[in-house]
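Asker:
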Amino acid sequence: MNPPQRPIVAIRGLRKSFGEHTVLHGIDLDVQVSQVVVVIGPSGSGKSTLLRCCNGLETPDSGRVEICGHVLADAGRMLAEPALNQLREDAGMVFQSFNLFPHLSVIDNITVGPRKVRGTPRHEAQAQAMVLLEKVGLVAKAHAMPASLSGGQKQRVAIARALAMQPKVMLFDEPTSALDPELVGEVLQVMKLLASEGMTMLVVTHEMDFAREVADVVVVMDAGAIVESGPPQAIFTNPTQARTRDFLHAVLSRA
Ligand code: ADP
Ligand code: MG
Numbered sequence: 582m583n584p585p586q587r588p589i590v591a592i593r594g595l596r597k598s599f600g601e602h603t604v605l606h607g608i609d610l611d612v613q614v615s616q617v618v619v620v621i622g623p624s625g626s627g628k629s630t631l632l633r634c635c636n637g638l639e640t641p642d643s644g645r646v647e648i649c650g651h652v653l654a655d656a657g658r659m660l661a662e663p664a665l666n667q668l669r670e671d672a673g674m675v676f677q678s679f680n681l682f683p684h685l686s687v688i689d690n691i692t693v694g695p696r697k698v699r700g701t702p703r704h705e706a707q708a709q710a711m712v713l714l715e716k717v718g719l720v721a722k723a724h725a726m727p728a729s730l731s732g733g734q735k736q737r738v739a740i741a742r743a744l745a746m747q748p749k750v751m752l753f754d755e756p757t758s759a760l761d762p763e764l765v766g767e768v769l770q771v772m773k774l775l776a777s778e779g780m781t782m783l784v785v786t787h788e789m790d791f792a793r794e795v796a797d798v799v800v801v802m803d804a805g806a807i808v809e810s811g812p813p814q815a816i817f818t819n820p821t822q823a824r825t826r827d828f829l830h831a832v833l834s835r836a
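With the working numbering applied, the sequence shown corresponds to residues 582 to 836, in that order.
(1) Give the list of continuous alpha helix (DSSP H) stretches no shorter than 4 residues that lie fully inside the stretch 712-767.
(2) Suppose you measure from the CA of A661 to the CA of I592; what does that come to, to the nearest Å?
(3) I need the DSSP call for R596, collapsed to helix, strand or coil.
(4) For the ligand ADP, list every residue whose C-beta falls under 5 Å from any of its heavy atoms, going in chain order.
(5) For A656 and V646, which I take to be in contact (beta-carbon distance under 8 Å), what is that distance rounded to the nearest angstrom?
(6) Below 8 Å on the Cβ atoms is my guess for K716 versus L783; work out the distance and round it to an integer in Å.
(7) Under DSSP, the alpha helix (DSSP H) around G694 begins and ends at which residues?
(8) Where does S629 sit, in a helix, a strand or coil, going by DSSP?
(9) What is the rounded straight-line gap between the Cα of V771 and the Cα of R737?
(10) Could you give the C-beta distance for S686 and M711, rounded to a whole number, given that I count them as a contact under 8 Å?
(11) Starting from E809, follow the beta strand (DSSP E) in both directions and report where the run begins and ends.
(12) With 16 other CB atoms within 10 Å as the buried threshold, where does Q586 fall?
(13) To the nearest whole angstrom, what separates the beta carbons of I691 and L668, a pair I think is in contact under 8 Å?
(14) Would R658 be called buried (16 or more neighbouring beta carbons within 10 Å of its own) or exposed?
(15) Among P813, R696, I621 and K628, which residue has its Cα nearest to the Cα of A745?
(16) Which residues in the same chain as K735 place their Cβ atom closer than 7 Å to its Cβ, once the five residues preceding and following it in sequence are excluded?
(17) Distance, Cα to Cα, R826 vs R703?
(18) Bridge partners of R699, per DSSP?
(19) Who are the near neighbours of P813 in its chain, counting only those whose CB is closer than 7 Å to its CB and skipping five residues on each side?
(20) Rounded to a whole number of angstroms, what is the C-alpha to C-alpha distance between E705 and T757?
(21) Pull up the distance between the alpha-carbon of F828 and that of P623, whole angstroms please.
(22) CB-CB under 8 Å to A664, same chain, minus the five flanking residues each way: which ones, in chain order?
(23) Just to check my reading of the structure: G805 and V604 have Cβ atoms closer than 8 Å, yes? What is that Cβ distance to the nearest angstrom?
(24) In this structure, does DSSP put M780 in helix, strand or coil?
(25) Would you mind listing the beta strand (DSSP E) stretches within the stretch 610-691 that are 3+ residues and don't spill past its ends, in chain order?
(26) Measure the C-alpha to C-alpha separation of Q822 and T701 and round it to an integer number of angstroms.
(27) Taking the alpha-carbon of T781 as reference, which of L610, Q616 and I608 has the nearest alpha-carbon?
Shown next as structure tokens:
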């Protein structure tokens with residue numbers, strides 16, 4: 582028998598407050614290598630804060646966050662530079678709002694990280710970027726400026742930019758929520774491709790079909806806590822918690 586692998590993301594007792602408002606009430610969550618874990622739940626339930634605590638954009642008040650072998654946070658102490666930067670390379674993040682550099686072309690958006698952080702020579706970084714643009718279907722846009730792209734194209738560039746740092750896990754925070762409905766599919770398709778290639782992914786989304794089809798584990802959050810988690814089949818067809826049923830009823834009746 583193979584020894585059990587260590588989870589690539591291990592979160593224990595994660596608590597986070599903003600002032601008086603406790604946003605995360607002690608989260609425990611594991612993500613195994615090559616797993617796709619999809620986090621769902623109502624707006625304001627703490628999903629973004631959870632992801633932001635996974636790459637050092639927020640400092641947890643207490644609990645432990647270990648990612649890719651780095652102890653990012655433990656009992657309120659945070660990992661410092663340069664290990665924090667290494668962690669951010671290992672854990673790529675894609676945001677709802679794309680966050681491309683508006684003054685850089687598509688290919689420069691993708692190569693700037695490898696060149697500035699890794700010292701990768703320009704021609705090498707550009708060759709890698711073209712491979713990534715091929716993957717996300719945007720070779721023809723290599724020299725376009727972000728402002729000329731559709732939202733779906735911008736988000737695919739943002740994914741390619743994250744991949745350029747050769748992350749070990751990808752964090753997605755509602756990557757399709759800012760898109761017109763007809764552009765959602767092209768981004769989900771890229772995410773499905775990554776999943777099929779074995780990328781480890783922690784994904785916050787309201788796309789229930791994606792969760793059903795791609796997730797290994799669906800985690801339901803409400804009011805700063807994990808209500809339940811399990812394989813999509815169990816969560817979608819046989820949820821054990823009333824709060825899961827209410828949430829699914831609300832999102833699925835909207836669709
Ligand atoms: P979700 O992503 O599930 O919608 P968030 O993690 O964004 O939830 O937010 C959870 C709660 O924390 C919300 O009530 C939000 O207003 C609050 N919150 C998030 N970020 C901050 C912040 N930087 N300062 C104060 N309150 C915040
Ligand atoms: Mg959010």
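The beta carbon of each residue, even a glycine, is placed where N, CA and C say it ideally should be.
Answerer: In brief:
(1) 732-744
(2) 18 Å
(3) strand
(4) F599, V604, S624, G625, S626, G627, K628, S629 and T630
(5) 11 Å between Cβ atoms; not a contact.
(6) In fact, because the Cβ distance is near 20 Å, the residues do not count as touching under 8 Å.
(7) V687 to G694
(8) helix
(9) 7 Å
(10) With a Cβ gap of about 13 Å, S686 and M711 do not count as contacting.
(11) A806 to G811
(12) exposed
(13) That pair is no contact at about 21 Å.
(14) exposed
(15) R696
(16) F679, L681 and P727
(17) 51 Å
(18) R699 is not bridged to any residue.
(19) A792, R793, A796 and V799
(20) 31 Å
(21) 7 Å
(22) H651
(23) 5 Å
(24) coil
(25) 617-621, 643-648, 651-655 and 672-675
(26) 50 Å
(27) Q616
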